[in-house]
Each structure stands twice: as C-alpha cells, then as structure tokens.
Amino acid sequence: MPPTGPRAVVSAAPPWTYFIGSAVFHYLGPAFAVLLFSRLAPLGVAALRIWSAALVFALWRRPWRTLTSLDAAGRRTIIAMGAVLAAMNVCFYLAIARVPLGTVAAIEFLPVIALAALGARTARNLLALVAAVGGVYVLTDIRLAGEPLGLVFAFANAVLFAAYIVLAHRTARRLRGVSGIDGLAAAMLVACVFVAPVAGWQAVPAMFDPVTLAAGIAVGICSSVIPYVCDQLAMARMARSTYALLVALLPATATVIGIVVLRQLPTLAELAGVGLVVLSVAFHRERTLTQKDKATCDT
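Going by the working numbering, the residue at position 66 of the sequence shown is 111; the numbering climbs one at a time, nothing skipped.
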C-alpha cells in the first residue's frame, strides 16, 4: 500500500515546485512589507519579520536543543550567523524602503558572482562577473542621483548576503548532527537578540495595532519560513547545477513582483540591468571540488 498523508504529498511533488514556492515567497513577503511601511517603520517591520519567523521555528524545531548540543566553535558559528541575519534584514528593509525591489535583488547577487569568480578563476566566470558588474552599474547609475542612501543599504545587504552564504555553508558542512533547518532555527533565535536594540523600539506600535501585528507576522512567515523550508526541500532532491541555474530567475522574479504588487514599473535601462545580472547568475559555474577539497570538508 503506497504511503499517504502530508509526507507522501511532499515526497511526490516535483522538486521544481518547491523552488517556485521559494522564488515567489522570497520577494513576495518583502513586497507586502513595503505596503506595510505606511503603518510601521521599516526597522519595525524587520524586527517583526525576525521575531515571527523565530517563533515559528521555535515551536517547530526547538532550537535551544541545537544550541545546547553544540561545542564552543559551533555556537560561535550560529551566533555569527544570527548576527548576520539580523543586520542583513535591517539593511534589506531600509533599502527596499528607498529603492525598487528588483534593483535591490539584482545588487544582492553581485557578491555571489564575485565569490564564484574567486573560487573558480575561469574565463566563463570572469565573463559572468563582468556581466553582473555591468548590470549593477546600470542600475546604480540610474538611482545614484535620487536615492544614494538606499544604494548604500542595498550594497550593505549584498555584502551581508555573501557572509550569510559562507556561514550557512559552514553550518551545513562543519556542524555535525545539525540539519540545515535546525541550524537556521537556532540562528534565527540568536537574531532576535541582535535585532532588539536596533529595531525593536520601532516595532512597539504594532503591539497596540492587531492588524499591523498580524500583517507583520504574515510577512515573517512569507519571507523567512516558507522560502527557507522550500529551499531545503528543493535542494535535497535537485542537482546543485540545476538549482544554481534556477536561482538566476530570482532577480527577474523580484522585478515581476515589484510590478504586480507595488506598481514599480522599471525603465528599459533597469530591465537591461536586471537582465545582465540574471544572465551572469545563469552563466557562472562553481568550482569542482577535488579529492583534497572533499577530504578537507569532511574533517
């Protein structure tokens, strides 16, 4: 008799369906957050996003068990990841409050391409980096006169996004007995502490407004729970090269969501800039691990 129930449904669904879910919610949540800015300051929305996501993960994964089971080095990694998550969310919301969502998403991928180019110095990755830099140059040149502060936050978010990738990779490879979701849950719990003194005071008005509070919780679930879980389900059943190719769609997805939800109509130059970034993400290739690299990762 074939298995039934929610787990059977999860197992039977094609992996690309989870990627689509991740791609949509990755920027749909922030798009709703932009709409929420009229009721709550961006920093307040960032705090609500982290706290609501941490609450969901706490009820689901019991992250304090992960923290107590780790050694000192493991805890340092989780604490660093939590600090990066807090700072990244703060910079991201301060950026999308000033700059179109598609532009912020495109800038976010520049360090990813740079890391790939440094890891594998090939002509292909060099061309990918040139395309990414060209695309970001077009986007920033458009916005530099009007929203320089928004670009500062967008580039800070991009640097923090690269740091998050490094720490997430370290968590997955070096923390034995800890799954990716459990590591994320523990880091999100730590992020609650880091975000409180920076943005917590701006979230206070939501505590007296049930509609704003409910909307902020929904943003946290849409932005930090659903897409991350979908990522785990997709990556577990999809080749890394295929997943990397599909990731190239994310800046375009952000642009489409910005048009549909926020009515942020891009110019032809902005579309060209996003297109160059999408092309660069699709074109680059990761470095193939040697036997020595694999042995290093296993130690």
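Built from N, CA and C at the ideal position, the CB exists for glycine as well.
- Message: Once DSSP output is grouped into helix, strand and coil, what is the label at Glu-192?
- Response: Stepping through the sequence shown from its first residue, residue 192 is reached at position 147. DSSP places Glu-192 in coil when its eight states are reduced to three.
- Message: Quick check: Cys-275 and Ser-67, are their CB atoms within less than 8 Å of each other?
- Response: Position 230 of the sequence shown holds residue 275. Position 22 of the sequence shown holds residue 67. Cβ distance < 8 Å, so Cys-275 and Ser-67 count as in contact.
- Task: In angstroms with no decimal places, state the Cα-to-Cα distance between Val-216 and Arg-282.
- Result: For the purposes of this step, residue 216 is identified with residue 171 of the sequence shown, where counting begins at 1. For the purposes of this step, residue 282 is identified with residue 237 of the sequence shown, where counting begins at 1. For the record, residue 216 in the displayed sequence is Thr; it is not Val. Taking the straight line joining both Cα atoms gives about 20 Å.
- Which one of Ala-128, Arg-120 and Phe-70 has the shortest CA to CA distance from Ile-266? The residue labelled residue 266 in the question sits at position 221 within the sequence shown. Of Ala-128, Arg-120 and Phe-70, the residue nearest in Cα terms is Phe-70.
- Task: For the region 312-330 and the region 86-95, state whether three or more C-beta atom pairs, one from each stretch, are separated by less than 8 Å.
- Result: no
- Can you check whether the CB of Gly-222 is closer than 8 Å to the CB of Gln-277? One-based indexing of the sequence shown puts residue 277 at position 232. One-based indexing of the sequence shown puts residue 222 at position 177. For Gln-277 and Gly-222, no; Cβs fall outside 8 Å.
- Exposed unless 16 or more other CB atoms sit within 10 angstroms - verdict on Leu-310: Reading the sequence shown from its first residue, position 265 is the one you call residue 310. With fewer than 16 other Cβ atoms within 10 Å, it is exposed.
- Proximity of Thr-257 and Leu-85 at Cβ, strictly below 8 Å: Translated into the one-based positions of the sequence shown, residue 257 becomes position 212. Translated into the one-based positions of the sequence shown, residue 85 becomes position 40. Contact: yes.
- Message: Taking 6 Å as the limit between beta carbons, can you name the residues of its chain near Ile-262, skipping five residues before and five after?
- Response: Walking along the sequence shown from the start, residue 262 turns up at place 217. Contacts found: Ser-97.
- Message: Check this for me: beta carbons of Leu-220 and Gly-127, under 8 Å apart or not?
- Response: Locating residue 220 in the sequence shown gives position 175, where the first residue counts as 1. Locating residue 127 in the sequence shown gives position 82, where the first residue counts as 1. Their beta carbons are not under 8 Å apart, which means Leu-220 does not touch Gly-127 by this criterion.
- Query: Taking only runs of the alpha helix (DSSP H) that begin and end inside the region 244-277, which ones reach a length of at least 4 residues, in chain order?
  - Reply: 255-265
- Message: Would Leu-172 and Ala-76 qualify as a contact pair, given that the criterion is a beta-carbon distance under 8 Å?
- Response: Position 127 of the sequence shown, counted from the start, is the residue given in the question as residue 172. Position 31 of the sequence shown, counted from the start, is the residue given in the question as residue 76. No.
- Quick check: the region 135-143 against the region 199-214, are there 3 or more CB pairs under 8 Å? yes
- Task: Run through the region 81-136 for me and flag every whole alpha helix (DSSP H) of 4 or more residues, listed as ranges in chain order.
- Result: 87-106 and 108-114
- Where Ala-310 falls: helix, strand or coil (DSSP): For this step, residue 310 is matched to residue 265 along the sequence shown. Residue identity differs from the one stated: residue 310 is Leu in this sequence, not Ala. In the structure shown, Leu-310 sits in coil (DSSP, three-state: anything other than H, G, I, E or B).
- Separation of Pro-87 from Leu-81, as counted between CA atoms: Along the sequence shown, one-based indexing puts residue 81 at 36. Along the sequence shown, one-based indexing puts residue 87 at 42. Using only the alpha carbons, I get a separation of about 8 Å.
- When DSSP labels each residue in this structure, what does Val-238 get in the three-state scheme? As a first step, residue 238 is located in the sequence shown; it is residue number 193 there, counting from the start. Here Val-238 sits in helix by DSSP.
- Query: Going by Cα to Cα distance, which pick from Gly-228, Ala-279, Leu-174 and Ile-124 is closest to Pro-60?
  - Reply: By one-based count along the sequence shown, residue 60 stands at place 15. Ranking the options by Cα distance to Pro-60, first place goes to Ala-279.
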